[in-house]
Amino acid sequence: MNLNNFHKYISSKIYERGEEYYEDNMVDNVEHAYPDTWTAEVVGSNLYTVEIKMNGDDIVSWDCDCPYDYDDVCKHTVAVLLYIKDIKERYQVDVEIEHSPQREQLAEIFKHAKHKELTSFLCQYADKHPDFYQALISNLHPQKKVDVPVNYVKEIQKCFHKGSLYDRYSHSNGGKEISYRLDRYIEKAKSLIKLNCEEEALTVLLYIIKEIGDGYEEYDDYNGDLACVCQEASEIIEKMIESGLPDNLLEVVTNAINQMIKNNNYDNYSLADLDGLLLSISLKTSDFENGIRIIDEALEDNFDSFRTSSLVISKIELLKNANKKEDIEKVISHYLYLPDIRKIKLQELLSEKQYEEAFALIDEGISLAEEKKHPGTVRDWKDEKLSVYKLMDNKKKVIVMAEDLFVNGRESMKYYHILKTVVPSEEWVSYLDDFLLKSESQMRRIEGYVLAQIYIMEEYWDRLMVYVEKNIQLGKYSSLKEYEPYLKSRYPERMLAFYQLQIINYAAKNIGRDHYKYVAGVLKTMKEYPSGVEIVSSLLAHFKSVYSKRRAMMEELGRLKIEK
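Start counting at 1 in the sequence shown, then tack on 40, and there's your number in our numbering.
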């Protein structure tokens, strides 16, 4: 039986299944060892190892660790045989090795030698023997191995088609698992760059970026591992461009970007800065027109999408470097409906101190955001307005805007500090009292912690105590510990009363050992207060009377020692 006729010795069903496995890239981690032994892993319902011994094209023996025992050859073995046949036909790999005692001895030595030891020996020997060095370069340098080209695209594809989360009909969707396998190709690309094999390195990096971008939404990349691999590949290409790639390779990158830039995944998930790569290439080649053309084509499909702003900003950068000021103004005017582009225009007006025009631009931005019901953008424009008033030193307007944003903004403490800076110190106490009274009625409860922080900074302890009594609930994630150090010594009776009411309610609503441990912990804290022991004793008696059948609760409370 040989590679050309083995299909005659196998049932058509098994052969077809093996052929499907091979075509679906199920064969991986192939190794070819002396004298002519092939080992590989094949992904099926599990990961199976296949070993095949050859003599030229003749199949000497085969073995697979799968449980199949209905016939002599399984589908996994067929897949590996097809792989070997394909490799030999396409790449003309000469696997016939002349047998000799010397080669057999070397094969055994290499089998047991550690990689570092072998590498160290070869490097030292090559340093002392120039002929041996040249022989290594001629036979092993990636650029010299034209007779056995590495199909990087196929290898990288396998990274997305293997693993415990994979079956024959779907991709592996584990982002962490895929990124782990891709890391070796990132390292391979770095190694190729050191060997001046830029074209091969770009093949690896660009295909990694393309494959991740094309299928990113299918992968479970909740930790962002796969996104990090894509970003690293992009950053390596950026460094290659900066270091000076030849024009033909810059064209390769440009053509790849031209295809990928229309894919919104790269911007939506911050996978790769394709716009930045395009800008770097344009700066190197001074071919700004081609970069602008590529961005314009992408903008046709993204007139008002998530990534429109970044595309327009990249176009503006290209136009700046091409010194086309009139075109920049046209682009800004055309895309003024985008907040990021409007801010570019705002900075231009402020640099020229055209404040009235700046306010008109901001007010129009607020109106557009309100029409689109984008409250976050409305707040951003109000913050810009506040900044302009600060620039003009208009304190009255700064106060008005800061008060508005304190209540309706996202960073209330930021605006509190602005107010404290702008309001005259002699007026601060009375101003703050009036302002807090208004704010307390306007702010949502979820934002109440902001008021609590102000009470602490201003040492308004009574207000802090009232805030705790009205808003804090006991529980695993309670914020009470944050405020207790300020209140324990000042309001011990009120704190104990607060604890007593809360823990009774908590015990009534929660069941389970973890909750009982929490109850015991609160009682332990209460013991440390003046008169705390008496109240804790009373609570223990209450719990033992009401919840006597909660065995786990009684165990946890029983561990609490009360010393009267």
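Backbone N, C-alpha and C fix where the C-beta goes; we use that ideal spot for every residue, glycine too.
In this text, all values refer to a predicted model and were calculated from it rather than measured experimentally.
Contact belief for Leu541 with Tyr523 at Cβ below 8 angstroms, rounded distance in angstroms: Not confirmed; about 17 angstroms, so no contact.
Using 8 angstroms as the threshold, is the segment 444-458 in touch with the segment 420-431, meaning 3 or more CB pairs across them? yes
Per DSSP, Met94 is paired with what? Ile99
Roughly how many whole angstroms lie between the Cα atoms of Lys198 and Leu378? 41 angstroms
Tell me whether the segment 222-232 and the segment 155-171 touch, counting them as touching only if at least three CB pairs, one residue from each stretch, are closer than 8 angstroms. no
Contiguous alpha helix (DSSP H) assignments of at least 4 residues, all confined to the segment 442-501: 452-462, 468-482 and 488-498
If you scan the segment 216-244 from start to end, which runs of the beta strand (DSSP E) of 3 or more residues do you find wholly inside it? none
Does Val113 come out as helix, strand or coil in the three-state DSSP assignment? coil
Which residue from Ser350, Leu390, Asn363 and Lys360 puts its Cα closest to that of Tyr375? Ser350
In whole angstroms, what is the alpha-carbon distance linking Ala338 and Val120? 43 angstroms
Any contact of the segment 301-318 with the segment 252-266, i.e. 3+ C-beta pairs under 8 angstroms? yes
Beta-bridge pairing of His72 - partner residues as DSSP gives them: Trp78
Sheet register partners of Asn42 (DSSP bridge): Asp98
For Val70, which of Ile301, Tyr123 and Ser101 has the nearest alpha-carbon? Tyr123
Short of 8 angstroms in beta carbon distance, which residues of its chain neighbour Tyr495, apart from the five on each side in sequence? Order them along the chain. Trp501, Arg503, Leu504 and Tyr507
Counting pairs of beta carbons, one from the segment 385-393 and one from the segment 351-359, are three or more of them closer than 8 angstroms? no
For the alpha helix (DSSP H) containing Ala398, name the first residue and the last one. Tyr395 to Glu411
Quick check on Asp260: does DSSP put it in helix, strand or coil? strand
Between which two residues does the alpha helix (DSSP H) carrying Ile321 extend? Leu314 to Thr325
In whole angstroms, what is the alpha-carbon distance linking Ala592 and Arg553? 6 angstroms
When you compare the CB positions of Ile297 and Ala273, do they come within less than 8 angstroms of one another, or not? no
DSSP beta-bridge partners for Val67? Val82
May I ask you to verify whether the segment 236-248 touches the segment 101-116, counting CB pairs closer than 8 angstroms and requiring at least 3? no
Does the beta-carbon of His47 have 16 or more other beta-carbons within 10 angstroms, so that it is buried, or is it exposed? buried
8 angstroms Cβ cutoff met for Asn303 and Asp367: no
Does Cys106 come out as helix, strand or coil in the three-state DSSP assignment? coil
Just mark Arg347 as buried or exposed, buried being the case when its beta carbon has 16 or more other beta carbons within 10 Å. buried
Under 7 angstroms Cβ to Cβ from Tyr455, same chain only, skipping five residues before and after it: list those, please. Ala442, Leu445, Phe446 and Gly449
How is the alpha helix (DSSP H) around Glu282 delimited, first residue to last? Asp265 to Ser283
List the endpoints of the continuous alpha helix (DSSP H) containing Ser427. Pro415 to Met432
Thr294 versus Leu314 - alpha carbon distance: 10 angstroms
Skipping 5 residues on each side, what residues in its chain have a beta carbon closer than 6 angstroms to that of His72? Trp78
How big is the Cα-Cα spacing for Lys549 and Lys216? 40 angstroms
Measuring CB to CB, does Leu290 end up less than 8 angstroms from Thr243? no
Helix, strand or coil at Gly331 according to DSSP, with G and I counted as helix: helix
Going along the chain, which residues of its own chain have a beta-carbon closer than 7 angstroms to the beta-carbon of Arg208, five neighbours each way excluded? Legend: pLDDT at Arg208 = 38, less than 50; position of this residue unreliable, value from coordinates given subsequently. Here the set comprises Asp64.
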